[in-house]
Amino acid sequence: MQDLLYFFQQLINGLTIGSTYALIAIGYTMVYGIIGMINFAHGEIYMIGAYTALIAITGLATLGIAWLPLVLLVALICAVIVSSSMGWAVERVAYRPVRGRHRLIPLISAIGMSIFLQNYVHLAQGSRNIGFPALIEGSFRMGPENTFQLSISYMQITIFIITLVCMTALSLFISRSRTGRACRAVSQDLGMASLLGIDTNRIISATFVIGAALAAVAGLLLGMYYGSVDPLFGFIAGLKAFTAAVLGGIGSIPGAMLGGLILGVAESMTSGYLSGEYKDVVAFSLLILILLFKPTGLLGKPEVEKI
Amino acid sequence: MTLSVKKLATAVGASVALMAAGQAAAEIKIGVAGPMTGPVAQYGDMQFSGTRMAIERINEAGGVLGEELVAVEMDDACDPKQAVTVANRMVNEGVRFVVGHLCSSSTQPASDIYYDEGILMVTPAATSPALTERGYDLIFRTIGLDSMQGPAAADYIAAQNPERVAIVHDKQQYGEGIATAVRDTLEDKGVAIAMFEGITAGDKDFSSLVTKIKQADVDYVYYGGYHPELGLILRQARQADVDATFMGPEGVGNDGITSIAGDAAEGLLVTLPPAFDQKEENQALTKAFAEKGEDPSGPFVLTSYAAVQVIAQGMEQAGSTDPFEVADALRAGTFETPIGTIEYAENGDMESFEFVVYEWHADGSKTLAE
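Listed in order, the protein sequences are those of chains A and B.
The first sequence begins at -9 in the numbering used here and counts up by one.
The second sequence begins at 8 in the numbering used here and counts up by one.
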């Protein structure tokens, strides 16, 4: 019974963290699906989202506003607006001018953008870890008193619900809306879509903006869940989310979701049953194994190569 | 400016004494090397403030062996390259006793030069165990070692008779070193170690680790590392209803922990050097600092003061200003200083350096733990 509760606790820890990986991974996978480029500045967009949310929360607190739903809503809206405009601006400044060149050029440009944003936040906010106020406290508990209890914090539940809502909204948007259809068309064949009258520049911008908005949501959620932000916040999360995207099959949105969850659970099970030191070893070994036996990732389409 | 006036005054004083007494009342140069510039210059200020006060007071009391102490101050910026230059300049100045350097990384290369040139050094701040592991017989400290904090923490934990203890570290030299020392001491005392595990510095998600700590049902969690990770562990542990007491080394004992962990920092235990300036027997000295408008509460002010004293008392006890004879006297004798009575081991480390356990509070203040 004890062991079972422990297992479920680690599973819930893994799913929580995995679902936020998935939110960030979608940004990588959408951009790759459409222009075949890895947006290495995506982790920084996520970090900026977390900082913006923190600034908004602190600002509201100094104004004396403490009604939780309002605070969360304002923080979320601020983070999404700032991150989305940042995503849009990054695409305009760093990627559009070099689009269509040799594929290494946008890659270098992306890495440069990432370094720039990281150091900008270093200068603007300082390099110290800044604590994030714990807004959602408390938890559900299961199991007998005085032994190991399964506890699901309200924060974890919030993360599940918000992630689920975002994923559903994105799926509906991609499958039902006009812009979503255009996104799919551009991802299948950019040149042809352009010939058929789709404004491809607009669609590519939209992709960056959607990815950035989801990253901002993840930034707010993880900032609150972990408890602090620093300018390197986005680097590791970005790396993990990128791994999740590749694991699930880069270019595939359901793949990013699946990859995120698998990665999160693998990490938490490893630190739960082996040791925290092997967490990253297992995560990346998993990636290597899947790439060896299924190079397109779990849900990736085999014919990604476009000529 | 005050410095050069002071130097001039001592020089004038010395030459007056020379004429009056008609004998060679030479002066003894004490090199003081530390950062006056660079990122840790504030620590250097503590060092210079301590040495100036010590030299002033020793000279007022008649000097050493009838001679005056004169400071030769140089700036190494805590940069290993600049420390080498400083060490060479000390040699050229004819300095034979150095108080310094401050950072372990600049003390190491400088000590090679001092050793080759037969210069005795006493570092008031460098805590790396590696410095005294090389068999140099002219290097001493007036500060503890990283490795002394672990046993102090373990003694405290063992005294509370815990059933089980968990030890976590950040896999870095400092953190893992202290954590290992805590584990070894606790095992010697027969305390059960439920887990000993590393985390990755810079990581943010500790939910799995916290679940594991909860499952292990421990009374104490010792963390070897710095505040950013411990802050998050504390917070995530309280969120998951872990009720163990957490403890860490001085690397976690700063206001960063309050900013990150918030209320979860309440009750955290931290080992720190005692507040020497608060001690009863040092009140006269603390007052003398206050009269000069200086603050003796910084961690390196009184260790630097003690470093000068140790050199001066060593010379008195050896009856000589030869660095090798003084070094022998240092290993043989005991020395009364504001940081306590100092005795040296063969390698130049202090036999013991006191660490005390403080309890941290949610508002960032700390009190001595029971």
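We treat Cβ as the ideally placed atom computed from N, Cα and C, and that holds for glycine.
- Around the beta-carbon of Q316/B, 16 or more other beta-carbon atoms lie within 10 Å, marking it buried.
- Of I252/A, T233/A, G228/A, L204/A, the smallest CA-CA separation from I101/A is found for G228/A.
- Judged by their CB atoms, Y230/B and F213/B are not nearer to each other than the 8 angstroms cut-off.
- For F283/B, the CB contacts under 7 angstroms within the same chain, skipping 5 residues up- and downstream, are N289, L309, P345, I346 in chain order.
- With contacts defined as CB atoms closer than 8 angstroms, T42/A and V72/A qualify as a contacting pair.
- Contacts with chain A at 8 angstroms (Cβ-Cβ) include P235/B.
- The straight-line gap separating the alpha-carbon atoms of P221/A and M37/A is approximately 7 angstroms.
- Taking CB atoms only, R242/B has a neighbour in chain A less than 8 angstroms away.
- Burial state of M182/A is exposed, judged by a 10 Å Cβ sphere holding fewer than 16 other Cβ atoms.
- The residue among V47/B, L279/B, V77/B with its C-alpha nearest the C-alpha of E34/B is V77/B.
- Counting of Cβ neighbours within 10 angstroms places T197/A among the buried residues, the total reaching 16 or more.
- By the C-beta density criterion, M155/B is buried, having at least 16 other C-beta atoms within 10 angstroms.
- Closer than 8 angstroms to the CB of S261/A there is at least one CB belonging to chain B.
- The residues L109, I150, F307, in chain order, have a CB closer than 6 angstroms to that of A132/B in the same chain once the five nearest residues on each side in sequence are set aside.
- Around D270/A, the beta-carbon contacts reaching into chain B at under 8 angstroms are T207.
- For G128/A, the closest of G17/A, M247/A, T148/A by C-alpha to C-alpha distance is T148/A.
- Beyond the five residues adjoining it in sequence on each side, E80/B comes within less than 7 angstroms, by CB distance, of V39, F55 in the same chain, given in chain order.
- Bridge partners of G260/B according to DSSP: none are assigned.
- Looking at the DSSP output, K373/B bridges to W367/B.
- In chain order, S214, S215, T218 make up the part of chain B whose C-beta sits under 7 angstroms from the C-beta of N3/A.
- Considering only V155/A, S195/A, V271/A, Q(-1)/A, the residue with the shortest C-alpha distance to I142/A is Q(-1)/A.
- Setting aside the 5 residues that flank it on each side, E204/B is surrounded in the same chain by V175, each with a C-beta closer than 6 angstroms to its C-beta; the list follows chain order.
- Under the Cβ criterion of 8 angstroms, I35/A is not counted among the residues facing chain B.
- With respect to chain B, the C-beta atom of Y18/A has no partner C-beta closer than 8 angstroms.
- Between the region 238 to 251 of chain B and the region 213 to 225 of chain B, the count of Cβ pairs shorter than 8 angstroms is three or higher; the stretches touch.
- Rounded to the nearest whole angstrom, the CA to CA distance from Y263/A to I206/B is 14 angstroms.
- Interface with chain B (8 angstroms Cβ-Cβ cutoff): F138/A is included.
- For chain A, none of the residues of the region 279 to 293 of chain B brings a beta carbon within less than 9 angstroms of one of its beta carbons.
- Between the alpha carbons of S75/A and L125/A lies a gap of roughly 26 angstroms.
- Of all residues in the region 104 to 131 of chain B, none is placed with a Cβ closer than 8 angstroms to any Cβ belonging to chain A.
- Here the region 235 to 242 of chain A makes no contact with the region 169 to 185 of chain B; the two share fewer than three CB pairs at distances below 8 angstroms.
- Taking 8 angstroms as the threshold, the shortest C-beta distance from A133/B to chain A does not fall below it.
- The C-beta distance from P281/B to T293/B rounds to 14 angstroms, too long to fall under 8 angstroms, and the pair is not in contact.
- For K294/B, the enclosing alpha helix (DSSP H) begins and ends at 290 to 298.
- Leaving aside the five residues that flank Q(-8)/A on each side, the residues in its chain whose CB is nearer than 7 angstroms to its CB run, in chain order, T137, F138.
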